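A short write-up of the structure that comes next.
Numbering (our numbering), first residue to last: -13 to 281.
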């Protein structure tokens, strides 16, 4: 009897192990198609930001780029969401950059700032472009008890373009402009003055700014070649643009939920597509606003 029980248990265990192995093998094969292999990431032969070549022949430059490429290719959930969101938000950002004669690569700066979301940093920087409140005021973004235009993607992108133009006038090249967005124009100028160099790749900088441009280069490379890094996402799984209708507002709105209802929508959708409205009411203070609702 004991021998028979042992045979039954052994057979069950064998079947269980085999089944588990088959399931694990199938799962592994499936995941291999959607998850990057961190041991199979090779640097591209060249890299550039806004047409300005990154000198990968310099050993620390090459290794800093390699680091950011490996890290971001293996931030699976974050990078996956970024690629999905880009389908919706790049068509908004790209024409504004083009209109202002800002290189298209600056959309990747927005990516590393906020992952294409209305993020809020521990220091209080907010929105897709991560403006601080004081800086927002300097670039004519309204921030008050009713409106915070740091969360208005179009207006914040216009403000970022003004910053880029100012920095370009100062430094003369786009790579330094990108670094200055992180460190500040004065901070980059001070580093140049004290180190007697004027090239981002030759400067010794704090860790965040030292990594900043390389993070941009890494996301540009991954998003331009997603399948190469394991992010082969079908178009129907990305987040599509939402067709909107615009409502011009010149007078105060005392009850935004009621306003949304009167316009055939609801407060959730109003807040979702107009995150710059930060109160339940709107005081226009003589300004004209455009509220967007889905068609």
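Just so it is clear, CB atoms sit at the ideal spot from N, CA and C, and this is done for glycine as well.
From a predicted model like this one, the values you see are computed outputs, not experimental measurements.
| Item | Value |
| --- | --- |
| Under the three-state DSSP convention, the category residue 64 falls into | helix |
| Residue 280 (DSSP reduced to helix, strand or coil) | strand |
| Residue interval of the beta strand (DSSP E) (run including residue 234) | 230 to 235 |
| For residue 182, three-class secondary structure by DSSP | coil |
| DSSP-derived helix/strand/coil call for residue 12 | Per-residue confidence for residue 12 stands at a pLDDT of 43, beneath the threshold of 50, marking its modelled position as unreliable; no derived number is given. |
| DSSP state of residue 103 mapped onto helix, strand, coil | coil |
| Selected residue, minimal CA-CA separation from residue 186, among 34, 140 and 63 | 34 |
| Selected residue, minimal CA-CA separation from residue 109, among 102, 101 and 119 | 119 |
| Rounded separation between residue 153 and residue 172 - CA only | 10 Å |
| Whether residue 27 touches residue 56 by CB criterion (9 Å) | yes |
| Residue from 264, 210 and 168 with nearest C-alpha to residue 191 | 168 |
| Rounded separation between residue 254 and residue 278 - CA only | 12 Å |
| DSSP state of residue 20 mapped onto helix, strand, coil | For residue 20, the pLDDT reaches just 48, beneath the cut-off of 50, and the residue's location in the model is therefore unreliable, leaving the point undetermined. |
| Cutoff 6 Å; reference residue 74; Cβ partners in own chain excluding five residues on either side | 225 and 227 |
| The alpha helix (DSSP H) enclosing residue 206, as first and last residue numbers | 193 to 210 |
| Integer-rounded CB distance, given that residue 112 should sit under 8 Å from residue 137 | 7 Å |
| Top-ranked residue by Cα proximity to residue 259, from 230, 249, 236 and 242 | 230 |
| Cβ-Cβ separation, residue 114 to residue 96 (assumed contact under 8 Å), whole Å | 6 Å |
| Straight-line gap, residue 30 to residue 195 (C-alpha atoms, nearest Å) | 22 Å |
| Residue 266 to residue 107 span [Cα, whole Å] | 24 Å |
| Paired residues, beta bridge with residue 133 - DSSP | 263 |
| Where residue 25 sits in the DSSP three-state scheme | Bear in mind that a pLDDT of 47 at residue 25, under 50, signals an unreliable position, so the number given afterwards is only what the model happens to contain. Correct three-state label for residue 25: coil. |
| Touching by the beta-carbon criterion (3+ pairs, under 8 Å), the region 77 to 92 and the region 147 to 166 | yes |
| Under the three-state DSSP convention, the category residue 127 falls into | coil |
| C-alpha distance - residue 45 paired with residue 189, whole-angstrom precision | 14 Å |
| Those residues which DSSP pairs with residue 167 across a bridge | Paired residues: none, contrary to the question. |
| For residue 70, the nearest candidate out of 245, 235, 240 and 212 (CA to CA) | 212 |
| Own chain, CB closer than 6 Å to residue 201, minus 5 neighbours either side, in chain order | 54 and 98 |
| For residue 34, the residue or residues it bridges with in DSSP | 39 |
| Helix, strand or coil at residue 189 [DSSP, three-state] | coil |
| Cβ-Cβ distance between residue 238 and residue 270 below 9 Å | yes |
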